[in-house]
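What follows is a single structure, written as structure tokens, with notes after it.
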Amino acid sequence: MSTLTQPTGTASTPAPEVRTYASYSRPYWQRVVLSREFAVIALLVAVFVYSQSQVDYFDGPQTLYYLFRDTASILLLALPMTAIIVTGEIDLSVASIVGLTSVAFGMLHVDAGMSVTLAAVLAVAIGAVCGAFNGFLVAYVGLPSIAVTIGTLALFRGIGAGLLGTESRTDFPDSWTDLAKERIVEGQPYPMILIPFAVLAVLFALMLHFSSFGRGIYEIGLNDEAAHFTGVDVARTKAVLFVLSGTVAGFVGIYTTLVTGVARAENSTGLELPVIAACLLGGVSIFGGKGALHGVIAGVLLIGVIQRAMLLESFTINIINITIGVLLVLSVMSTSLLALGRRAVAAGRGARDSRRPPSAPASGR
Amino acid sequence: MVEQSRVALELRDVAKSFGAVAALRSGTLVVERGSIHALVGENGAGKSTLVKIVAGVHRRDSGTFRLHGEDVDFASTAESKGSGVAVIYQEPTLFPDLSVTENIFMGRQPRSRFGRIDRGAMHREALELFARLGVEIDPRRPALGLSIADQQIIEIAKAISLDASVLIMDEPTAALSGVEVERLFAVARSLRDEGRALVFISHRFEEVFALCDTVTVMRDGAYVSTDPIAEITVDDIVSRMVGREVADLFPKTPATIGEPVLEVEGLERAGVFHDVSFTVRAGEIVGLAGLVGAGRSEIARAVFGVDGYDAGSVRLAGRPVKPRNPRAAIRSGMAFVPEDRRKQGLVTDGSVARNVAGVIRGGLARAGLLTSAAENRAAGPWAAKLEVKTSALDMHAATMSGGNQQKVVIAKWLATDPTLLIIDEPTRGIDVGTKAEVHRLLSELAGEGLAILMISSELPEVLGMADRVLVVCEGRITADIDRADATPENVMRAATNATSHTAEEVPA
């Protein structure tokens, strides 16, 4: 199944025989099953099936509906976050952008009297501007994203609090707040928000996994210098991703406002951590270069299902947090252990390649 | 021969291999106490490997290694330091935020009562050291912002405070100005007069003759000769350094040389290269020769747009190429195989297919979708053309040998159908068999009308492959030699000659 060296007498190359290559070293089922993403999906299915049968009321009509409604923000924010972490950067300011755009949306509609649609468009634009600010500092000024976005985490939240203080805006048309809570099909547990999520998930999957731009994202995460030498515009790629992150956060700001009926600065405080946790659980490497969107989506849902099931079993929130924390640490460890094992195997196989010829850089010869 | 008791450092027939690459086949170096010993050789002759064995960075595979007559075998740099060996590199690595004194005593600070660090004692000792070396550096200032010359002095002070008996300086003068070189030499002479043994590695023959007592020449990882400096001439050293037969190793096929493809005019980057102008024509292989650090790679990077430049212009097929923009360079028809495969040439954690299709993938999308299948289809034939050895296209480049990786990088760029190929160190660190394949390929490509700019530190490769040799010395093109006239001697001379009288222009 590995090497396919077929002598064919083509004259197009200097060699007497033309090598052909198998596309993959492992059969299809192995590539699918022996992946990090598959492990998360399998665990999600297992936990879901267990909860359906063993946890009282889990199969009730409201459970899944609230599960989707409450994790929708995380699902949405995890899409651009995955791409950003794959480049080796991080965006800690997303939840603060949600708060700021929630305030902006509320004030533009209630105080400035704009229509909901216009206020929403402007709020999304504000989110994009916030993302562009992050992107500019990270990609073009070259500052570390963790420092920049810790700063803007406080900054954006602070602006929101400055605008609205401890007040809130709740005067939204019922037609809109109902829309945010409505189900796609009456009697089914799928809320409306899943439609924009599905559209965005497809778009992000195409961008990340089926475009030249997406290949560049992975190359930047694996080796940004080589990406630069290959003609990938490293700075622009990063900047675009931060703008996308801000834009999606703006949309989440509107969704959060409508679904809760309240626009206030504290909305979604601390939400960046579950988003990042879900990305890591879903198989994205914090060092960049590795991860896939379906794993991340499964990761978000896995956390959601565990929380719901344990709540129904009347565990306290502390026990739930401990469980999810342990799961996360285990999952991160499993990646490192797997990588370690693989490296050990590779080192055994190609030990001479991992060492450098006499031109090792330290000497500056 | 040499009286045993006077020998400080003795290496005989030392060998060291990295996998299939023999970096050092038979290194011999005998250094007496109270002498300054020059170690010279081409790039890749094995000098640095020898030094690293003495420093405890590498462990030798075989051979004798004695220090003051006793057999030693260093497993770490700490052991080497503990035995009184100090190595001063071209660019010292100090802690920039710590003071000069703290840098000198790093890790072995004198303690006062209660185990506290005795700053007073440290300061006094640092002052003493500098007085002894005859230099004026404030021991309290931070290392940050010190010139490279001052940093080297601090490394030397560190070595003396450790009472090192053997000091090795690996190209210490490469980044120094004339005055700084004189000061370093004065310090070196005073250390010699104290009875220490010094090894001085340099490409500048004037300095070797001005400073050293004895000179050892290495070539191709092996010892060639050792002579007292008074009994040898520059010409002797040069011929011993390059004395290899160039013939037959390189299958150069004559190609018809066509129109100019790459025209570089007055390219300049402050402190790196100056007034660089040259032309590469279709079907022509132009070799860019010179010593490591002369600015050859920097010129290539600027031409391709990975780095910027301050003045000048680059034109490809008559059209100006935007500066500082690799994408524009690629679009105009340039391909660039960089010096460092692992860091710059390819994504080692990426698959063969994605690496090979890495530049052309934008054109592989169907209906806006780029699939792995399309990448595999595009990459397969190019991997085959280069005879890349891999079991499948999804294998990661990290597991492959250096030669195979180089083939992947070349395949990636040939897939773009370039009109100009810039290739930096085409065969560094790859095995002999693959080397010949790469040479044959370059020759064939030139025959098909590709313009090739080849940078190489291996003189035989340049002389064997190039139609024309441009020699770079300290950021300037100092010679433009035709294939017929190029000899190891005149290239080596052009690569080293400008050193003494342009000392002021060397970037400090």
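So the sequences go chain by chain: A and B. The opening position of the first sequence corresponds to residue 1172 in the working numbering, with each subsequent residue numbered one higher. The opening position of the second sequence corresponds to residue 269 in the working numbering, with each subsequent residue numbered one higher. The beta-carbon is built from N, C-alpha and C at its ideal position, and this holds for glycine as well.
Euclidean distance between Cα positions of residue i and residue j
i: B/K315; j: B/S344; result: 19 Å
i: B/V483; j: B/D495; result: 6 Å
i: A/I1491; j: A/D1262; result: 25 Å
i: B/N371; j: B/D431; result: 16 Å
i: A/P1315; j: B/R751; result: 50 Å
i: B/V346; j: B/G324; result: The amino acid at residue 346 of chain B is misidentified as Val; the sequence shows Ala. When rounded, the distance between both Cα atoms is 8 Å.
i: B/V774; j: A/L1334; result: Confidence in B/V774 is poor, its pLDDT being 36 and thus under 50, which makes the residue's placement too unreliable to answer from.
i: A/T1418; j: B/P686; result: 39 Å
i: B/T369; j: B/E423; result: 11 Å
i: A/L1215; j: A/A1469; result: 7 Å
i: B/V514; j: B/A754; result: Only weak support exists for where B/V514 lies, its pLDDT of 45 falling under 50; the coordinates are left without a value.
i: B/A603; j: B/L452; result: 43 Å
i: A/L1371; j: A/M1252; result: 13 Å
Short CB-CB distance (under 9 Å) between residue i and chain B
i: A/D1404; result: yes
i: A/N1492; result: no
i: A/E1260; result: no
i: A/Y1311; result: no
i: A/R1207; result: no
i: A/L1511; result: no
i: A/A1199; result: Sequence check: residue 1199 of chain A is Tyr here, not Ala. Judged by the 9 Å Cβ criterion, A/Y1199 is not in contact with chain B.
i: A/R1386; result: yes
i: A/L1377; result: yes
Neighbour flag for residue i against chain A, beta carbons, 9 Å
i: B/Q612; result: yes
i: B/K680; result: yes
i: B/G732; result: no
i: B/M437; result: no
i: B/E475; result: no
i: B/F468; result: no
i: B/P606; result: yes
i: B/V676; result: no
Where residue i sits in the DSSP three-state scheme
i: A/S1206; result: coil
i: B/M668; result: coil
i: B/H542; result: strand
i: A/Y1361; result: coil
i: A/F1343; result: coil
i: B/D552; result: The question names Asp, yet the displayed sequence has Glu at residue 552 of chain B. Here B/E552 sits in coil by DSSP.
i: A/P1251; result: helix
i: B/V355; result: strand
i: A/V1407; result: In the sequence as presented, Val is not what sits at residue 1407 of chain A; that position holds Arg. Helix, per DSSP.
i: A/Y1221; result: helix
i: B/F518; result: coil
i: B/L279; result: strand
i: B/G446; result: helix
i: B/S470; result: coil
i: B/A411; result: coil
i: B/E393; result: helix
i: A/Y1199; result: helix
i: A/A1353; result: Note on residue identity: the sequence assigns Glu, not Ala, to residue 1353 of chain A. If DSSP states are grouped into helix, strand and coil, A/E1353 belongs with coil.
i: B/T746; result: strand
Neighbour list for residue i in chain A, Cβ cutoff strictly below 8 Å
i: B/A651; result: R1190 and Y1192
Chain B contact residues for residue i, given Cβ-Cβ distances below 9 Å
i: A/G1460; result: V615, D617 and G618
i: A/N1394; result: R610, K611, Q612, L614, V615, T616, D617 and G618
i: A/E1338; result: Chain B residues near A/E1338: none, gap ~46 Å exceeds 9 Å.
Contacts of residue i in chain A (Cβ-Cβ under 7 Å)
i: B/V574; result: H1399 and F1400
i: B/A660; result: S1173, Y1192, A1193, S1194, Y1195 and S1196
Partners in chain B for residue i, counting only beta-carbon separations shorter than 7 Å
i: A/S1383; result: R629, G630, A633 and L638
Proximal chain A residues relative to residue i, where beta-carbon distance stays under 9 Å
i: B/E758; result: The residue asked about is misnamed: residue 758 of chain B is Asn in this sequence, not Glu. Those within 9 Å of B/N758 in chain A number zero; the least Cβ separation is about 23 Å.
i: B/I598; result: T1401 and G1402
Within 8 Å, do at least three Cβ pairs link the segment 661-668 of chain B to the segment 1405-1423 of chain A? no
I want to know whether the segment 1468-1476 of chain A touches the segment 1437-1456 of chain A - three or more CB-CB distances under 8 Å. yes
Assess, as a yes-or-no matter, whether the segment 318-327 of chain B is touched by the segment 381-395 of chain B under the definition of 3 or more beta carbon pairs within less than 8 Å. no
So does the segment 618-630 of chain B actually touch the segment 554-570 of chain B, counting three or more Cβ pairs closer than 8 Å? no
For the 8 Å Cβ check, are there 3 or more pairs between the segment 320-337 of chain B and the segment 519-537 of chain B? no
Any contact of the segment 1205-1225 of chain A with the segment 1340-1360 of chain A, i.e. 3+ C-beta pairs under 8 Å? no
Specify whether the segment 1454-1472 of chain A and the segment 1271-1278 of chain A touch according to this definition: at least 3 beta carbon pairs, one from each stretch, less than 8 Å apart. no
Check whether the segment 629-642 of chain B and the segment 1375-1382 of chain A touch, using three or more Cβ-Cβ pairs below 8 Å as the test. yes
The segment 1410-1417 of chain A touching the segment 1302-1314 of chain A, judged by at least three CB pairs closer than 8 Å: yes
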